[in-house]
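To start, the structure under review is shown below, and the notes come after it.
Numbering (the working numbering), first residue to last: 13 to 201.
And the structure:
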């Protein structure tokens, strides 16, 4: 029995001594930068309904995840571009442009989370007008791509491009970038 214990102890010692010090955790508390991201709380309407051009809108509710619940957010900026997937009516694609900027007075405290946030409501007619697109030229499959960024009071800016992939995944609910498709929904029958 002593011999088996000695073999197990030697084996464990060899494994411990052969560990690669370069293979540490990907991120630690000491090396993590505390940043900010908008978190999706509820998606109310996630597509543009081409059968209801005047009333169709994209809408979601968000809050800010920061070290102080969004109190240090200076600006929340939303950019939009359009990808025209129907070439029969000419190319209506548009490059990304700054669409909306929200500041402290636009944010409210979310009663469930206690963090500052708000609701984004972007009617199709408003987005199309902003981009200079004729509503009648929008076809099923066209999409509107939204990108957002959060600027803190200390001038740091966070977006999907400079945020850890773990945060951008579904576990944390971060929503920096999203796409809204133009659709013709079918009746529910």
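For each residue, glycine too, the CB sits at the ideal point set by N, CA and C.
Where residue i falls, given that 16 or more other Cβ within 10 Å makes a residue buried
i: residue 104; result: buried
i: residue 163; result: buried
i: residue 173; result: exposed
i: residue 56; result: exposed
i: residue 50; result: buried
i: residue 177; result: exposed
i: residue 141; result: exposed
Straight-line Cα distance separating residue j from residue i
i: residue 61; j: residue 161; result: 27 Å
i: residue 147; j: residue 65; result: 7 Å
i: residue 63; j: residue 166; result: 45 Å
i: residue 193; j: residue 96; result: 11 Å
i: residue 41; j: residue 79; result: For residue 41, the predicted model reports a pLDDT of 42, less than 50, meaning its position is unreliable; a value from the coordinates is still stated below. Straight-line Cα distance between these residues: approximately 13 Å.
i: residue 11; j: residue 106; result: As shown, the chain starts at 13 and ends at 201. That puts residue 11 outside it, with no answer to give.
i: residue 202; j: residue 135; result: With the chain running from 13 to 201 in the structure shown, residue 202 is simply not present.
i: residue 118; j: residue 86; result: 11 Å
i: residue 143; j: residue 92; result: 8 Å
i: residue 116; j: residue 82; result: 9 Å
i: residue 197; j: residue 151; result: 13 Å
i: residue 149; j: residue 156; result: 14 Å
i: residue 170; j: residue 159; result: 11 Å
Selection from the options that minimises the alpha carbon distance to residue i
i: residue 46; options: 158, 84 and 143; result: 84
i: residue 132; options: 154, 94 and 188; result: 188
i: residue 195; options: 111, 70, 49 and 110; result: 70
CB contact below 8 Å: residue i versus chain B
i: residue 162; result: Looking at the structure shown, chain B is missing, and only one protein chain is on hand.
Close-in-space but distant-in-sequence residues of the same chain around residue i (CB under 6 Å, 5 per side omitted)
i: residue 122; result: 75 and 129
Any non-hydrogen atom of the ligand NAD within 7 Å of residue i CB
i: residue 168; result: With respect to the ligand NAD, the structure offers nothing, as it holds no ligand at all.
Close-in-space but distant-in-sequence residues of the same chain around residue i (CB under 8 Å, 5 per side omitted)
i: residue 120; result: 128, 129 and 130
Beta-carbon contacts of residue i that lie in its chain and below 7 Å, excluding the five residues immediately before and after
i: residue 110; result: 89 and 91
Discussion item. Could you tell me which whole beta strand (DSSP E) segments of length 3 or greater appear in the stretch 126–171?
Written reply: 128–135 and 155–164
Practice prompt. Would you mind listing the beta strand (DSSP E) stretches within the stretch 42–119 that are 3+ residues and don't spill past its ends, in chain order?
Written response: 49–57, 59–61, 69–77, 85–95 and 106–115
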